[in-house]
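Asks: Dropping the structure in here first, questions after.
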Amino acid sequence: MRVVITDDASAVANASAEVLCRQLVTAPASVLGLATGSTPVMLYKELVSRYQAGQVCFAKAKSFNLDEYVGIDPSHPQSYRHFMQQHLFDQVNIDPVATQVPQGLADPKIECERYEAAITSAGGIDLQVLGLGSNGHIGFNEPTSSLASRTRIKTLTEDTIAANARFFEAHEQQPTLALTMGIGTIMEARQILLLATGEHKAKAVKAMVEGPVSAMAPASVLQFHQSVTLVLDVAAASLLEAQDYYHWVEKMRAQTT
Ligand code: GLP
Numbered sequence: 145m146r147v148v149i150t151d152d153a154s155a156v157a158n159a160s161a162e163v164l165c166r167q168l169v170t171a172p173a174s175v176l177g178l179a180t181g182s183t184p185v186m187l188y189k190e191l192v193s194r195y196q197a198g199q200v201c202f203a204k205a206k207s208f209n210l211d212e213y214v215g216i217d218p219s220h221p222q223s224y225r226h227f228m229q230q231h232l233f234d235q236v237n238i239d240p241v242a243t244q245v246p247q248g249l250a251d252p253k254i255e256c257e258r259y260e261a262a263i264t265s266a267g268g269i270d271l272q273v274l275g276l277g278s279n280g281h282i283g284f285n286e287p288t289s290s291l292a293s294r295t296r297i298k299t300l301t302e303d304t305i306a307a308n309a310r311f312f313e314a315h316e317q318q319p320t321l322a323l324t325m326g327i328g329t330i331m332e333a334r335q336i337l338l339l340a341t342g343e344h345k346a347k348a349v350k351a352m353v354e355g356p357v358s359a360m361a362p363a364s365v366l367q368f369h370q371s372v373t374l375v376l377d378v379a380a381a382s383l384l385e386a387q388d389y390y391h392w393v394e395k396m397r398a399q400t401t
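Per our numbering, the sequence shown starts with residue 145, numbered consecutively.
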């Protein structure tokens with residue numbers, strides 16, 4: 145795991161945008177795995193501004209989002225499809241038919257099989273962006289998820305429902321089920337880029353990087369992936385024991401590149 149510790153959320157967005165842009169410049173027809181949540185909002189903003197400045201092109205790219213709520217219309221302001229349109233797809237030149245988000249209104253079993261097949265027929269995911277739940281989830285793979293799981297329906301934990309309640313109006317029915325890429329699906333991406341910011345993520349970051357691999361801390365499975373970059377701010381990294389080492393490695397890398 146490469147652990148990059150930056151000053152703040154804006155530095156996290158810049159460093160991650162750099163990784164994504166490098167991917168698209170090197171391989172314009174890349175298949176991207178994309179994430180929602182508050183954390184990647186600044187990353188998408190940075191990508192939009194780099195696109196407007198002519199530094200990156202999405203014309204040949206394809207994308208697959210990690211997850212979507214069950215029973216929610218794609219036009220609902222809290223659907224992950226809507227989030228992606230608003231923060232990225234409507235603002236860059238990605239081909240609308242090349243963007244996939246699981247369909248929350250479809251028959252879940254059929255939709256999950258279709259999604260897995262679509263990822264396979266696109267040639268697999270080249271670069272997967274991930275956020276991190278404060279309970280250690282990736283996508284909506286809640287603690288105790290099988291580390292070999294595939295795209296499927298998951299019941300959200302009460303913690304996750306509470307954490308995401310801020311996005312829903314008081315009168316709205318908040319979904320309690322989601323379709324999510326499985327951990328096995330995520331682990332097949334050729335490269336993984338995980339972003340985490342804020343002190344409320346510090347415990348989950350510690351478990352992911354320095355804890356034992358465990359289904360109770362789903363992100364810890366990334367220790368088994370060969371190409372993972374974690375971009376953290378100081379608050380999210382604050383509980384890591386080997387911080388000096390991670391800084392040292394980055395210093396060495398800067399001198400040799
Ligand atoms: C959500 C999403 C995850 C996301 C996580 C953290 O529930 N399903 O993909 O990474 O929670 O979200 P945030 O970035 O808002 O903290």
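We put the beta carbon where it would ideally sit given N, CA and C, even for glycine.
Is DSSP giving Gly328 helix, strand or coil here?
Replies: Against the sequence shown, residue 328 aligns to sequence position 184. DSSP places Gly328 in helix when its eight states are reduced to three.
Asks: Nearest-angstrom Cα distance between Glu394 and Ala173?
Replies: Working through the sequence shown from its first residue, we reach residue 394 at position 250. Working through the sequence shown from its first residue, we reach residue 173 at position 29. Between Glu394 and Ala173, the C-alpha separation is close to 29 Å.
Asks: May I ask you to list the residues that DSSP assigns as paired with Phe208?
Replies: Working through the sequence shown from its first residue, we reach residue 208 at position 64. According to DSSP, Phe208 bridges with Gly177 and Gln244.
Asks: What does a CB cutoff of less than 8 Å around Ala309 pick up in its chain, not counting 5 residues either side in sequence?
Replies: Locating residue 309 in the sequence shown gives position 165, where the first residue counts as 1. If we look at Ala309 and ignore the five residues flanking it on each side, its Cβ neighbours are Gln318.
Asks: Got a list of residues with beta-carbon closer than 6 Å to any non-hydrogen atom of the ligand GLP, in chain order?
Replies: Selection output, chain order preserved: Ala179, Thr180, Gly181, Ser182, Thr183, Leu210, Asp211, Gly275, Leu276, Gly277, Gly283, Phe284, Thr304 and Asn308.
Asks: Which residue from His344, Gly181 and Ser364 puts its Cα closest to that of Asp211?
Replies: Sequence index remark: in the sequence shown, residue 211 carries index 67 (1-based). Selected option, being the one with the closest Cα: Gly181.
Asks: On the DSSP bridge assignment, give the partners of Asp234 in chain order.
Replies: The sequence position of residue 234 within the sequence shown is 90, counting from 1. Asp234 is not bridged to any residue.
Asks: Can you tell me whether His315 is buried or exposed? The criterion is at least 16 other CB atoms within 10 Å of its CB, across all chains shown.
Replies: Translated into the one-based positions of the sequence shown, residue 315 becomes position 171. His315 should be labelled exposed.
Asks: When you compare only the Cα positions, how much space is there between Tyr195 and Gly342?
Replies: One-based indexing of the sequence shown puts residue 195 at position 51. One-based indexing of the sequence shown puts residue 342 at position 198. Computed Cα separation, rounded: 27 Å.
Asks: What is the DSSP secondary structure of Thr299, reduced to helix, strand or coil?
Replies: Here residue 299 is taken as the residue at index 155 of the sequence shown, counted from 1. Thr299: strand per DSSP, three-state reduction.
Asks: Is it right to say Thr408 is buried, meaning 16 or more other beta carbons lie within 10 angstroms of its own, or is it exposed?
Replies: With the chain represented from 145 up to 401, any question about residue 408 goes unanswered, as that position is not in the structure.
Asks: When you compare the CB positions of Ile327 and Ser290, do they come within less than 8 Å of one another, or not?
Replies: The residue you call residue 327 lines up with position 183 of the sequence shown. The residue you call residue 290 lines up with position 146 of the sequence shown. Result yes, Cβ atoms of Ile327 and Ser290 sit closer than 8 Å.
Asks: Which residues does DSSP pair with Gln335 in a beta bridge?
Replies: Walking along the sequence shown from the start, residue 335 turns up at place 191. Partner(s): Leu271.
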